[in-house]
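Chemist: Sending over a structure as structure tokens; questions will come in a sec.
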Amino acid sequence: MKTEREVKNGSAEEEREMKRKRVMERSASPPPPLGFNNPLLPLANAYDDDDEDEENDKRKSGARASGGKDNGAGNGNKVGGEAEKELDDEDDDDDEASKVRGKHSRHVEVRRDCPYLDTVNRQVLDFDFERFCSVSLSNLNVYACLVCGKYFQGRSQKSHAYTHSLEAGHHVYINLLTEKVYCLPDSYEINDPSLDDIRHVLNPRFSRAQVAELDKNRQWSRALDGSDYLPGMVGLNNIQKTEFVNVTIQSLMRVTPLRNFFLIPENYQHCKSPLVHRFGELFRKIWHARNFKGQV
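Pasting the structure below:
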């Protein structure tokens, strides 16, 4: 005969054994699916794979241009044939990935005519702002609405630019990196020479011959509001008591060797410092003769 204590101990051990089995079964089984949709998932796919590939190709072309010419013997960087080999390997991987995607990629139609080109408002365009989506605050695949001047991300059906085109009736957008212009929600590319002036304001370009003639041909330019300005002598926006910085920048703009160097991006395309590239962009905007406004 078992005593009362032995019976209680036996039942306690059985209860512990059952709990241990339940814990093991629970840990072995896969977690149950969530009963709600993640509200952040649409933002994760807010831009097209095609646009992402275009931007990656543009970045990769810049990296390939600098890969064979950089000499990193002093800092231990990979150079020459080794860097080119790595870039070729990346290209092969991208080609395989594109083959796997296959049917998921779309062919973008290119048109010369667009019925919405007359809605483009150059008066509101200002490309001096930081390139962030005004809704998601993302800096990936950002487009500028050429009707209202606001920045939006992506152009797929789940993107903020696509939604803006439906809600506001604004249909013409430019990719701030690739400089390609699209019509939304139809999602075709617009190839019209009348938009070249917008591309030049977005990314001013100078040839070496133009740089050599800057001091010889000093001509006034006219902004869209009718005001005249002299390239290289434009005003700078004052943001929270930055007058002393503006004066320093304007003084540097008048140093001829420094100006001639930064007006040609090829001179510093191998530099990895973002500050150098941003400073060069500021130089080109200040000396650009086709700006929409007389200040930067």
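Going by this note's numbering, the sequence shown runs without a break in its numbering and finishes at 297.
The beta carbon of each residue, even a glycine, is placed where N, CA and C say it ideally should be.
(1) Between which two residues does the beta strand (DSSP E) harbouring V143 extend?
(2) With DSSP run on the structure shown, which of helix, strand or coil describes N204?
(3) Within its chain, find whatever has a CB closer than 7 Å to the CB of P205; leave out the 5 residues flanking it on each side and keep chain order.
(4) In the DSSP assignment, what residue or residues form a beta bridge with N176?
(5) Spatial neighbours of F280 within its chain, please: C-beta separation below 8 Å, excluding the five flanking residues on both sides.
(6) Any contact between the segment 156-169 and the segment 254-268? By contact I mean 3 or more CB pairs, one from each, below 8 Å.
(7) Is it right to say F37 is buried, meaning 16 or more other beta carbons lie within 10 angstroms of its own, or is it exposed?
(8) Hey, quick one: how far does the alpha helix (DSSP H) through E244 stretch, first residue to last?
(9) Check the C-beta distance from D198 over to R132 and give it rounded, since I have them as a contact under 8 Å.
(10) So what does C184 bridge to, in DSSP terms?
(11) So, at 6 Å on beta carbons, what are the nonlocal neighbours of R153 in its own chain, with the 5 sequence-adjacent residues on each side left out?
(12) For F293, which option in S228, V277, Q270, K217 has the closest C-alpha, if you only look at C-alpha atoms?
(13) Give the C-beta separation of C146 and H108 to the nearest angstrom, bearing in mind that I take them to be a contact with Cβ-Cβ under 8 Å.
(14) Give me the DSSP bridge partner(s) of S222.
(15) Going by DSSP, name the residue or residues bridged to Y152.
(16) With DSSP as the reference, label V125 as helix, strand or coil.
(17) Do S195 and L141 have their CB atoms nearer than 8 Å?
(18) Per the DSSP calculation, Q296 is bridged to which residue(s)?
(19) So, at 6 Å on beta carbons, what are the nonlocal neighbours of K217 in its own chain, with the 5 sequence-adjacent residues on each side left out?
(20) What are the partner residues of R112, as DSSP defines its beta bridges?
(21) Just how far apart, CA to CA, sit C184 and F245?
(22) Quick check on DSSP: helix, strand or coil for G281?
(23) For V212, name the three-state secondary structure that DSSP assigns.
(24) If we ignore side chains and look at the alpha-carbon of each, how far apart do V212 and L177 end up?
(25) State the Cα-Cα distance for the pair L237 and Y189, rounded to the nearest angstrom.
Modeler: In terms of the structure at hand:
(1) As a position in the sequence shown, residue 143 is number 142, starting the count at 1. Unbroken beta strand (DSSP E) run through V143: 143-146.
(2) For the purposes of this step, residue 204 is taken as residue 203 along the sequence shown, with counting starting at 1. Reduced to three states, the DSSP call for N204 is coil.
(3) To locate residue 205, count along the sequence shown from 1; it is residue 204. Here the set comprises R285, K286, H289.
(4) Counting from 1 along the sequence shown, the entry for residue 176 is found at position 175. Partner(s): Y144.
(5) Against the sequence shown, residue 280 aligns to sequence position 279. Result list for F280: F263, in chain order.
(6) no
(7) Taking the sequence shown and counting its residues from 1, one reaches residue 37 at position 36. Any reading at F37 needs caution, since the residue's pLDDT is 40, under 50, leaving its predicted position unreliable; the model's value is listed next. It is exposed - the Cβ of F37 has fewer than 16 other Cβ atoms within 10 Å.
(8) Translated into the one-based positions of the sequence shown, residue 244 becomes position 243. That run of the alpha helix (DSSP H) goes 244-254.
(9) Reading the sequence shown from its first residue, position 197 is the one you call residue 198. Reading the sequence shown from its first residue, position 131 is the one you call residue 132. 19 Å between Cβ atoms; not a contact.
(10) Sequence index remark: in the sequence shown, residue 184 carries index 183 (1-based). DSSP, once it has assigned bridges, lists V173, Y189 as partnering C184.
(11) Numbered from 1 along the sequence shown, position 152 holds the residue referred to as residue 153. The residue asked about is misnamed: residue 153 is Phe in this sequence, not Arg. The residues are C134, Y144, H161, A162, H165.
(12) As a first step, residue 293 must be located in the sequence shown, where it is residue number 292. When each option's Cα is compared against that of F293, the closest is S228.
(13) Locating residue 146 in the sequence shown gives position 145, counting from the first residue. Locating residue 108 in the sequence shown gives position 107, counting from the first residue. Their Cβ separation, rounded to whole angstroms, is 24 Å, which puts C146 and H108 out of contact at 8 Å.
(14) On the sequence shown, position 221 is the one that residue 222 refers to. DSSP, once it has assigned bridges, lists Y230 as partnering S222.
(15) The residue you call residue 152 lines up with position 151 of the sequence shown. Per DSSP, A145.
(16) Mapped onto the sequence shown, residue 125 falls at position 124. DSSP places V125 in helix when its eight states are reduced to three.
(17) Stepping through the sequence shown from its first residue, residue 195 is reached at position 194. Stepping through the sequence shown from its first residue, residue 141 is reached at position 140. No.
(18) Your numbering for residue 296 matches position 295 in the sequence shown. Paired residues: G236.
(19) Within the sequence shown, residue 217 is the residue found at index 216, counting from 1. So the list is empty, once near-sequence residues are dropped.
(20) Position 111 of the sequence shown, counted from the start, is the residue given in the question as residue 112. Answer is I191, bridged to R112.
(21) On the sequence shown, residue 184 is found 183 positions in, with the first residue counted as 1. On the sequence shown, residue 245 is found 244 positions in, with the first residue counted as 1. Rounded to the nearest angstrom, the two C-alpha atoms are 43 Å apart.
(22) Against the sequence shown, residue 281 aligns to sequence position 280. Three-state result, G281: helix.
(23) Taking the first residue of the sequence shown as 1, we reach residue 212 at position 211. Residue state, collapsed to three classes: helix.
(24) Counting from one through the sequence shown, the residue named residue 212 turns up at place 211. Counting from one through the sequence shown, the residue named residue 177 turns up at place 176. One C-alpha to the other measures close to 25 Å.
(25) Sequence index remark: in the sequence shown, residue 237 carries index 236 (1-based). Sequence index remark: in the sequence shown, residue 189 carries index 188 (1-based). Whole-angstrom Cα-Cα distance: 37 Å.
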